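Residue numbers (this note's numbering), protein chains in the order written: chain H, -4 to 120; chain L, 712 to 1301; chain F, 185 to 342; chain A, 4 to 601.
Glycine included, each C-beta is placed from N, C-alpha and C at the ideal position.
From a predicted model like this one, the values you see are computed outputs, not experimental measurements.
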Amino acid sequence: MRKVQSLADLQSLRDEFRAEFCPADVKKVQVKIAMATCGIAAGAKQVMNHMVEKSKELGLDIDFTQAGCMGYCYAEPTLEVSVPGRESVVFGYVDETRADEILTKYIQNNELVEGIIPVNYETTD
Amino acid sequence: MENMITLTIDDRQVTVPKGTTILKAARSIGIEIPTLCHYELKGQGVENRPGSCRVCVVEVEGKSNLAASCATNVSEGMVVRTNSLRVIMARRTVVDLMLSDHPADCLICPQSGNCELQKLANDLGLRDITYSGEQSKNKVEISPAIIRDENKCIMCRRCETVCNSLQTVGALTAVNRGFGAVVSTSFRMNLEDTSCVMCGQCVQACPVGALSEVNNTRQVMSAIANPRKKVIVQTAPAVRVALGEEFGMEPGSRVTGKMVTALKKMGFDYVFDTDFAADLTIMEEGTEMLDRIARFMKGDKSVKLPIMTSCCPGWVNFFETNYPDMLDIPSTAKSPMQMFGAIAKNYWAEKMGIKREDLVVVSIMPCVAKKYECQRDEFKVDGNPDVDYSLTTRELADMVKLLGVKFEDLPDSDFDKPLGESTGAAVIFGATGGVIEAATRTAYEIFTKKELGKVEFTELRGLEGVREATVDFDGTPIHIGIAHGLGNARKLLDKVRAGEAQFHAIEIMACPGGCVGGAGQPYHHGDFSKVEKRLQAIYEEDREKPIRKSHENPYIQQLYKEFLGEPCGEKAHHLLHTHYFDKSEKKFGI
Amino acid sequence: MSHIEINAEKLNIIKDICAQYDNRPSDVIHILHGVQGALGYLPMEVQEAIAKQLGIPVSRVYGIVTFYSFFTMEPKGEHPISICLGTACHVRGADQILEEFKRVLGIGVGQTTPDGKFSIDCLRCVGACGLAPVAMIGEKVYGRLTPNMVTGIIEEYN
Amino acid sequence: MATYNKHILVCGGSCCTSGNSAQIADNFKSTLAEKNLSNDVQVIQTGCFGLCDQGPVVKIMPDNTIYTHVKPNDVRRIVEEHIEGGKKVEDLLYVNPITGERVEDNKEPNKFHKKQIRIALRNCGVIDPENIKDYIAHDGYMALAKCLTEYTPEQVIEVVSASGLSGRGGAGFPTGKKWASSARAKADQKYVVCNADEGDPGAFMDRSILEGDPNSVLEAMAICGYAIGADKGLIYIRAEYPLAIERLKIAISQAEEMGLLGDNIMNSGFNFHIELRYGAGAFVCGEATALIHSMEGKRGEPTFKPPRTSEKGYNLKPTNVNNVETYANVPIIITKGAEWFSSIGTANSKGTKVFALAGKVNNVGLIEVPMGTTLREIIYEIGGGIKDNKKFKAVQTGGPSGGCLTERHLDIPIDYKSLTQAGSMMGSGGMVIMDESSCMVSIAKFYLDFTVPESCGKCTPCRIGNKRLYEMLDKITKGNGTMEDLEHLRNLSVVIKDTALCGLGQSSPNPILSTLDNFWDEYVEHVQDKKCRAGACKDLVQYEINPAVCVGCTACSRNCPVEAIKGELKKPHQIDNSICIKCGTCITKCKFNAIRIK
């Protein structure tokens, strides 16, 4: 990575990274998994590994990323799924079975599965 | 006046310099706020001010909590109440809590009568313990010189501060936390197994009975009561200027004659003076010093300088523990107390027809470490020590009190002869810089073969922690270093070790002020002005002595003629010199 | 008391860790972390070796070791079990979990099983309150515990 | 295979469930089946919407229509009018609480019902904490760049002061004032310290921020360094947080690699380096002076103030100490402005506060609410109410330094001042909800049990006083307390608060004083009636088998570890309370609820 030289330089880098990390319109399915201590303790890592494998099997092209705590400690592991053209949905209590359902039912077929957590906070942007 | 602050304490206005604490501001107008953890050796750079006992709390207008007066600086317009009901109730509760975790064996506690907690509980009128509960069960140990009863520790940290900051010995530390917190040693070991040098400054600092000296008065009284034993006593120079304090006399009162009278009343067979042996020490150490300097100047590479004094047992322990690489630097001369013992048991006893095992030598010392020194194996013959028991000034006072006499009204008596005769040079051993001054008085005359015009070397005196001076030996400059307090000693020694300082001779005393500030002296409770007054008294005593140079002591001259031969000669070497051990590997945490 | 010898291998580990911090006394807590991580615990000869490296009295090291609950002078079990007794875990029944671990392993808090496999300690809060009650075995966190899960968890390590 | 074009989300939170949301979901399913719509519209139960006072709640997607107070017999109307007819059911629509209008499309930015605003947590759960690019993509380091290029250090402090941000670690000291004090101090070296020694049992806000968004803390520390004239930052973090440490290390090295930390940052001539310092398990090290002594390699004992750490801190140099959450607020204050920040919150306290909501509440979690939110909103709307439909009893805030508040405090808008006035405190953000099964004397004892060994042992009132408080509470919970003990308990608590050296001791009696104030009857019951109404004090309860309910299945007697239960098969059993150790095993084993505590 190169060193940032100035405010303008940082701004252009930001725009470049935005296109990579949070483009205005999502073209690809994104799965974000909450991987703070509680999430990991509740099995988030295994769920993620499982989903990566399973999505390969299903031939799904998905971006998996880890994130910090989403705040739903009672429902760990939790993950957020963004499918192009749909509002993103947070699922809680995700074990391997539910992970499979999310892939085959929700992502592939727009069929919701158990464990939806309505987002109840406001973001700053 | 911008550096002055005006505030109101108990409705009285007071103006003090900025940076003054409420405690000191109150004291400046005679308002006493009780304290426990606060302990300051003024001028010695040591102040224990953790603000932790919470006894000195006061009410400051506008502050929601009570403030510790020892730790709160004054500010302009501050309004302080030191005696409101809120303050008094809080103070009582704090002391009540301390008592709830403190053994109630006051009647037989070594600190009874001197205990600051006992006094405080009494002053606050505590007659029962409201908040009783579980009491700490910690270690109690008896080392050769010091008794440690952790159950009595109130965590004031005074001992920890003197052990680490003043003395840099590092034997004591606070351990654990919460209710289990207590001042102890590494791994809760006995002091003897730690870096402790037995200097006893912790004992001097302890406000309660958690640290005290080993008490030998009972053994001494049994010996006196035993008709088969001859019991003789020697008294160190610093004792005579401090003992009076135990009887309500002014600090710095010289009570030499009364002390001798009291000792005779107690039944000692002979009352001698360690000062006699101090003169002897000067003969030996002075000769050794001149010899080393002369050989060094001639280019003898086997000789090392500086020569360092070796009278102080805390200091000897300190260098054996911390400077094992420099064991060949201190003088090999024994301390005056041990020289006295050696002469008494090997020369005087024979002369008097007393068998060694029937002679008991007692020393009265301003010192706690002497209790350890007299037990060292190299000072014993077939298990029989040259000095049997060493008592502190405080223990002597306790014994005097048993006589039921009014000490201040006792008549004066003289020491017995021959081991009771001494010079002014011996007296000043009790003050920092005194040993080296006494040695200089003799060395000068021997070296220059001229008589000294002025015997007082004021450039060697004072209370500065580390002092350096150059004395002109008739054209030859002799560089002298002096340190008192082991932290200061460490500073000086580290310089010498690093080759950053060149001295011909160095005097070191473990206790601040030298023996006048010894750990065995009456408790000064942090009032260092008492030590300064004792120091002045020492120099007065010197001025009044008819002979002020050790080599002019006729009894010393006679001793050499009759028995010892030459200073540092074969016999003198055998009886009056010793050797040192590397203790760094035997102890933990050096 | 004479020195307890510490073998050269251990001494080198200690020296290396101290050297990583240039033997700075101000880094003694990091050094203790490092040494405990490498050797498992901090017995007195280890503390002494550290003090020597740093040129400080061992009393200071000991004062620190006894102050911080993270440091231990006793060897822990191969699988140290830590029961969280934070508030969230407390109100969700952590004491019952602790009792069950004690009962199943037959040891008390601060003790190690005779075979050296397990030791039990309590800790204040893992910060995984959402999963309360929580226990840690090594660095693995077990959440939403009930007493009847305890035997199964221990079996994972047998 | 079905391809749904509509989804009906039925809230499955406990409030809605008790309002018969299961029946509602069933009705939707049967109605849709009846109309042959099962393959077009999916019905699913979800987690709590946080609209508990308006439940049961139903949301239709993708129309973003929220219906409130839905009853099972409303289902047909919704299906027929909305799903089939495409016309929304007006009288069930969610009402905008501000305008009073019914809202048809509840898609962003209509977020009136959302009680939370995520400022400190803005990136948590959003970005990849191990990739600085993701942080930069979310405007990361823009605030630092702005400060270095557009602001003087004084201006930075002005912005922070004007925002009204105050210390989130507990006491709420104004952050701008603190920075200004360090900036004023003259010294050759200054330090910026981040207090990440989160120690309150039941609190994990700081850990979550560090694990979810470590760069925001680094950026804020650099901004602080620029403002006060420090080039060195230290993060004092609990060794019990390995993941947070790992992510911080990654973030620091990535930031250094990109020149966002290090020398001559963005060619501004400003240097800033950050190092980690580990705690070692001492709660008291959360206190600033203790923390500094710990960083210096000493026992973590607090020392008296003044001097404040901003004048004489780490290595006796001016040191600014703030906690993680405080720093996490800083970058966005710089980018969005002081005015934006100060518009959130109450007159006394600006911005938001993160709480770790825990205990007997349905939605345990990490929440961030504007100052001024009420406890009721937090517990019932965000927290989804009390678990298992039990009765709310108390809420504990501020950890061992705080207190327990009750029903009558639920509608206080919370900020630093109001919580202190109510007898608790904000603290670092632990919030533990208790129901009727919690004994308040035991809770007070629990906190003292924590404080006693966590006291550093330095000052008398904390070292011995807290121990005595614990002993008195222990005596009371064992049924040996006297009314005099209650008096002593209060008196000693007051003196400890008044005389202790540091914040830990000065606040350690708070759990006792607040429970004495709010639950006096419960204390008296323990003392006079030897009774614990919560059934938590083992020495004060008796177990009893209700013979009318017991079927004699022997499950209890077989599982009793001390053989205190006797009885013949298929006949009611009895418990011998002289043997019983009140372990509770029988209660969990009994399938018939026949065993009760009295």
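- Of all residues in the stretch 460 to 476 of chain A, only Gly460, Lys461, Cys462, Thr463, Pro464, Arg466, Ile467, Gly468, Lys470, Arg471, Glu474 come within less than 7 Å of chain L when Cβ atoms are compared, listed by chain position.
- The three-state secondary structure of Met30/H, taken from DSSP, is coil.
- For Gly997/L, there is no enclosing beta strand (DSSP E); the enclosing alpha helix (DSSP H) covers residues 985 to 1008.
- Taking 8 Å as the upper bound on Cβ-Cβ separation, chain F lies near residues Ala359, Ala361, Gly362, Lys363, Val367 of the stretch 336 to 367 of chain A.
- Residue contact with chain L for Met333/F: absent (no Cβ-Cβ distance below 8 Å to any residue of chain L).
- Using a CB distance cut-off of 8 Å, Val(-1)/H counts as an interface residue toward chain A.
- At a cut-off of 8 Å between C-beta atoms, Ala36/H counts as an interface residue with respect to chain F.
- Counting C-beta atoms within 10 angstroms of its own C-beta, Tyr244/A has 16 or more neighbours from the protein chains shown and is therefore classed as buried.
- Judged by DSSP in its simplified three-state form, Asn274/A adopts coil rather than helix or strand.
- Contact between the stretch 893 to 902 of chain L and the stretch 948 to 964 of chain L is absent: fewer than three C-beta pairs spanning the two stretches fall below 8 Å.
- For Tyr1266/L, no pairing in a beta bridge is given by DSSP.
- Note that the C-beta distance between Thr985/L and Met1048/L is below 8 Å.
- When the beta-carbon positions are compared, Phe987/L and Val942/L stay at least 8 Å from each other.
- For the options Asn714/L, Phe1051/L, Ile1065/L, the alpha carbon positioned closest to that of Phe1090/L is the one of Phe1051/L.
- Sequence-distant partners of His72/A (beyond 5 residues in either direction) whose C-beta falls short of 8 Å from its own C-beta, in its chain, are Gln57, Gly58, Pro59, Leu95.
- Using a 10 angstroms sphere on the CB of Glu15/H, the tally of other CB atoms stays under 16, which defines it as exposed.
- For the 8 Å CB-CB criterion, Val76/H and Ser83/H form a contact.
- Each of Lys774/L, Met809/L, Glu770/L was checked against the Cα of Ile467/A, and the nearest Cα belongs to Met809/L.
- Non-local beta-carbon contacts of Phe1214/L in its own chain, meaning distances under 6 Å to residues more than five positions away in sequence, involve Pro1017, His1190, Gly1192 in chain order.
- With a cut-off of 8 Å on Cβ pairs, the stretch 498 to 511 of chain A is in contact with the stretch 766 to 780 of chain L, counting three or more such pairs.
- Your pair Val873/L and Gln912/L checks out as a contact, with CB atoms roughly 4 Å apart and the cut at 8 Å.
- Under a criterion of Cβ atoms nearer than 8 Å, the residues of chain A adjacent to Ser763/L are, in order, Lys461, Cys462, Thr463, Leu504.
- Comparing C-alpha distances from Val851/L to each of Gly920/L, Arg1245/L, Thr1143/L, Leu991/L shows the shortest one belongs to Gly920/L.
- When the beta-carbon positions are compared, Lys481/A and Asp488/A stay at least 8 Å from each other.
- Annotation: Cβ neighbours of Tyr246/F in chain L (cutoff 7 Å, chain order): Thr884, Val886, Ser897, Phe898.
- Closer than 8 Å to the CB of Arg311/A there is not a single CB belonging to chain H.
- Distance from the CA atom of Ser313/A to the CA atom of Lys180/A, rounded to whole angstroms, is 10 Å.
- C-alpha of Asp1088/L to C-alpha of His1290/L: approximately 11 Å in a straight line.
- In the DSSP assignment, Val162/A falls within the unbroken alpha helix (DSSP H) covering 156 to 166.
- Interface with chain A (8 Å Cβ-Cβ cutoff): Arg13/H is included.
- Taking 4 residues as the minimum length, the alpha helix (DSSP H) runs contained wholly in the stretch 317 to 386 of chain A are 327 to 339, 341 to 345, in order along the chain.
- Short of 8 Å from the beta carbon of Leu282/F, and not among the five residues preceding or following it, lie these beta carbons of its own chain, in chain order: Ile267, Leu269, Val293, Ile304, Cys306.
- Within the stretch 829 to 861 of chain L, those residues whose Cβ lies closer than 7 Å to any Cβ of chain A are, in chain order, Thr841, Tyr842, Gly844, Glu845.
- Judged by pairs of C-beta atoms under 8 Å, the stretch 440 to 450 of chain A touches the stretch 395 to 407 of chain A, as three or more such pairs exist.
- For Gln57/A, no chain L residue has a C-beta closer than 8 Å to its own C-beta; the minimum C-beta separation is roughly 43 Å.
- In the DSSP annotation of this structure, Phe207/A is not part of any alpha helix (DSSP H), being labelled neither H nor E.
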